[in-house]
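Reviewing the structure listed below.
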Amino acid sequence: MSHQTITPELRRWIVEQAQAGFTPDVVLASMVASGWREPVAVQALETTLRDHLRQQSAGRAVVAAPPLQAAAAASGTLAQPAGVSVPDLDLSQSPRQIDAGDRVVDVIASMGHPRVVVLGNLLSAEECDALIEAAKPQLARSLTVETKTGGEELNPDRTSSGMFFTRGQNPVVARVEARIARLVGWPVENGEGIQVLHYRPGAEYKPHYDYFDPDEPGTPTILRRGGQRVATLVMYLNEPARGGGTTFPDVGFEVAPKRGHAVFFSYDRPHPSTRTLHGGAPVIEGEKWVATKWLREREFA
Ligand code: PD2
Ligand code: ZN
-9 MSHQTITPEL RRWIVEQAQA GFTPDVVLAS MVASGWREPV AVQALETTLR
41 DHLRQQSAGR AVVAAPPLQA AAAASGTLAQ PAGVSVPDLD LSQSPRQIDA
91 GDRVVDVIAS MGHPRVVVLG NLLSAEECDA LIEAAKPQLA RSLTVETKTG
141 GEELNPDRTS SGMFFTRGQN PVVARVEARI ARLVGWPVEN GEGIQVLHYR
191 PGAEYKPHYD YFDPDEPGTP TILRRGGQRV ATLVMYLNEP ARGGGTTFPD
241 VGFEVAPKRG HAVFFSYDRP HPSTRTLHGG APVIEGEKWV ATKWLREREF
291 A
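First residue of the sequence shown: -9, per this note's numbering; consecutive thereafter.
Take a look at the structure:
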């Protein structure tokens, strides 16, 4: 579909959806799923609902049904930051495996929106152990970036402990970074240093977005180093007996932590419409070790 027109039929359908009580983001998702380009769909929703409400208040219709009023009001919040290009894997031919240079990686599952790819065999058992052992001496209770100032803070939503390697800090780190860059087609230089997290039983990472919130005052400072985050790769370094999955609450999806496996997801704009809300479920039995690689838009220096 190169040119998409907002027809009277489409406008009627949008009004019906709103009257049936579907929220604008649900209607938007349904339009995008059936092939509408997102900017066109957003415009169709905003103009249709606004015009319809205007007609009603001009007395040409009876009283606006509450769901429609709510939908028209909410449709104004659909405007989003523009999307950028993001790292991705070439799954166009539905490959079972992908050559990541020094290792062949298994494709276990993938999803389009949110873009999520579950990978097997990304790391060898020896690489997992080497990352854990190198991280252990530097572990401290995890900090998250403090978006109000751009500094770091202790976060009660994150009860793991963690540390950051610098890029290329040791040969295993450098090898894994080169593999990731090749796998997702994104320069090594755009990656933050790998972070290792350790969760004990009961520890979790509550659902969050990995991009930096554009509305937070500290974000411009953070973005000076390489721009926004555009993708995340969580690599599982061991296997808790129960719990500790990586969850995507918007789509009811959970990735089980399997040693050497990883979950990749990308977000082309810092907005919930990417559906990349995700969390680390509480560890129920055993412990959990992960290594996270965040990829930025530009060189992270
Ligand atoms: O450990 C995880 O499963 C997890 C979940 C959500 C890690 C992260 N986010 C992260 O490192 O950003
Ligand atoms: Zn995260």
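From the three backbone atoms N, C-alpha and C, an ideal C-beta is built for every residue, glycine too.
Any non-hydrogen atom of the ligand PD2 closer than 7 angstroms to residue i Cβ
i	result
T236	yes
L112	no
V95	no
G270	yes
V76	no
T282	yes
Y195	yes
Residues near residue i by beta carbon distance below 6 angstroms, same chain, minus five either side
i	result
F254	V107, L223
G233	A271, P272, V273, I274
H198	none
A293	Given a span of -9 to 291 for the chain in the structure shown, any question on residue 293 remains unanswerable.
R1	T38
E310	A question about residue 310 goes unanswered here, because the residues of the chain that appear run from -9 up to 291.
First through last residue of the alpha helix (DSSP H) which encompasses residue i
i	result
T209	209 to 213
P247	Premise fails: P247 is in no alpha helix (DSSP H) and is neither H nor E.
V241	Run containing V241: none; DSSP gives neither H nor E here.
P161	161 to 174
Within 8 angstroms, strictly: CB atoms of residue i and residue j
i	j	result
V186	A125	yes
E275	P161	no
Q87	V97	yes
D92	R157	no
V74	R259	yes
Y195	G250	no
H268	F238	yes
I184	K278	no
A252	L129	no
W26	Q70	no
A8	P85	no
V178	M225	no
P104	G175	no
R295	A90	This structure does not reach residue 295, given that the chain is present from -9 up to 291, and the question cannot be answered.
Neighbourhood of residue i by C-beta distance below 8 angstroms, restricted to the same chain and skipping five residues each side
i	result
R286	N180, G181, E182, R215, G216, G217, Q218, R219, V220
V30	Q(-6), I(-4)
R288	N180, G216, G217
Heavy atom of the ligand ZN within 7 angstroms of residue i beta-carbon
i	result
D200	yes
H251	no
H188	no
T209	no
T264	no
P(-5)	The displayed chain sequence assigns Thr, not Pro, to residue -5. No; taking the cut-off as 7 angstroms, the Cβ of T(-5) has no heavy atom of the ligand ZN nearer than that.
T222	yes
Cut-off 7 angstroms between Cβ atoms - residues of its own chain near residue i, not counting five sequence neighbours on either side
i	result
G164	For clarity, residue 164 is Ala in the given sequence; the question names Gly instead. Excluding residues within five positions, the ones whose Cβ falls inside 7 angstroms are G158.
S(-8)	Note that S(-8) scores 48 on pLDDT, short of 50, meaning its location in the model is unreliable; the coordinates nonetheless yield the value given after this. Nothing listed; no residue qualifies.
Y201	Q218, R219, Y257, P260
Start and end residues, beta strand (DSSP E) containing residue i
i	result
S263	Neither: S263 is in no beta strand (DSSP E) and is coded neither H nor E.
P338	Nothing in the structure corresponds to residue 338, since the chain is present only between -9 and 291.
W284	278 to 286
Y189	185 to 189
Handout entry: Continuous beta strand (DSSP E) assignments of at least 3 residues falling wholly in the stretch 76 to 139
Key = Runs found: 87 to 89, 94 to 101, 105 to 110, 133 to 136.
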